[in-house]
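In full-length UniProt numbering, the protein residues as written are 1 to 331.
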């Protein structure tokens, strides 16, 4: 099993150093190299975290680093959670995309009347306590940013020995914590897990949402309730590989025939619309984000990289990698 993280996620460690005024030339050099890579191996990531812990002995470094997560660190996960309706939807989405975040699927989701538990069998050996702390803390931080008021924890299990300052962990998670677990995980309250987020999007999600909205409106516009509803359902369906006419019609509470008829009124063809939105999203993801090239096909609902490469070459006459290089040279 080959586990890795994205190069963009590794920069959470750089942000932690900046926020705390920590200067370490060797660690900064290694992080600069990691930022230029699409992926970082789990061995290198654990070694980076170990070096960070040595800089601050006795402190809950894993907890501190994980709580610094921002949407730019999350890659494909951030874009998928943006279109999740609630935490329950987000947990299902996480299972769908975990291999694009860690390179493998090894999380398990269980449900009962009290709570939903997202857990990971401990397959990383005895040196993974910081890895687990960063990963789970980042996930909780990210969920809380996206679903304020709908992310209540019942319990948390972590690997590694119980720290001397357990109160810091209890304050952050707000629930009972078990240490030395061989099955680390998070259990969320079933009573609030389906609660939709209230109010506007958190600020760090707004730019991401604007990218998607512009991609849609550049093709179809979004000036009336029908188009806004179509935009919402289509943007959610495309990454799931389920942007079929019947599924989108169902998501809009319309019959397939009614959706087709309404599209004709706007001089739109369904498949042409989907393809055009995919193209616009692809252009924006390649030119304006740090998403890995291997993540973008998944976000656009393609079965594999080669299928996306063929489609993109048909749109632009060049490969996605060449297009990204060209756009970044201009910027």
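The beta carbon of each residue, even a glycine, is placed where N, CA and C say it ideally should be.
- [ ] Please classify residue 224: does DSSP put it in a helix, a strand, or coil?
- [x] coil
Task: Under 8 Å between C-beta atoms of residue 294 and residue 8 - done: no
TODO: Identify every residue that forms a DSSP beta bridge with residue 189.
DONE: 115
Open item on the list: Taking 8 Å as the threshold (beta carbon to beta carbon), is residue 69 in contact with chain D?
Closed with: Here chain D cannot be found, since the structure has a single protein chain.
- [ ] Could you say which of 138, 274 and 23 lies nearest to residue 173 if we only look at CA atoms?
- [x] 138
- [ ] Have a look at 79, 286 and 228 and flag the residue whose alpha-carbon is nearest the alpha-carbon of residue 308.
- [x] 286
- [ ] Please report the Cβ distance between residue 109 and residue 184, rounded to the nearest whole angstrom; I am assuming they are in contact, meaning their Cβ atoms lie under 8 Å.
- [x] About 14 Å; that fails the 8 Å criterion.
Task: Candidates 167, 299, 180 and 189, of which the one nearest residue 82 by Cα - done: 299
TODO: Let me know if residue 193 comes out buried or exposed under the rule of 16 or more other beta-carbons within 10 Å of its beta-carbon.
DONE: buried
Task: Residues bridged to residue 108 (per DSSP) - done: 119
Task: Alpha carbon of residue 302 to alpha carbon of residue 242, nearest angstrom - done: 10 Å
Open item on the list: Can you tell me which residues form a DSSP beta bridge with residue 153?
Closed with: 188
TODO: Quick one: using the 10 Å Cβ neighbour count with 16 as the cut-off for buried, is residue 33 buried or exposed?
DONE: exposed
Task: Three-pair Cβ contact test at 8 Å for the region 157 to 168 versus the region 60 to 69 - done: yes
- [ ] Confirm, please, whether the CB-CB distance from residue 259 to residue 274 is below 8 Å.
- [x] no
Task: Rounded Cβ spacing between residue 215 and residue 281 (contact assumed at less than 8 Å) - done: 5 Å
Open item on the list: So within the UniProt domain "HTH araC/xylS-type" (228 to 326), which uninterrupted beta strand (DSSP E) runs reach at least 3 residues, ignoring any that extend past its ends?
Closed with: none
Task: For residue 73 and residue 166, believed in contact at Cβ under 8 Å, the rounded distance - done: So it is not a contact: roughly 27 Å between Cβ atoms.
Open item on the list: My assumption, with CB atoms under 8 Å, is that residue 318 sits in contact with residue 38. Please give the rounded CB distance.
Closed with: Not quite, the Cβ-Cβ distance comes to about 19 Å (not below 8 Å), so this is no contact.
Task: Contact set for residue 211: own chain, Cβ-Cβ below 6 Å, skip 5 residues either direction - done: 284
Task: Contact check, residue 178 vs residue 69, beta carbons under 8 Å - done: no
- [ ] Kindly indicate the opening and closing residues of the alpha helix (DSSP H) around residue 171.
- [x] 166 to 173
Open item on the list: So for residue 4, helix, strand or coil by DSSP?
Closed with: strand
Task: residue 118 beta carbon less than 8 Å from that of residue 94 - done: yes
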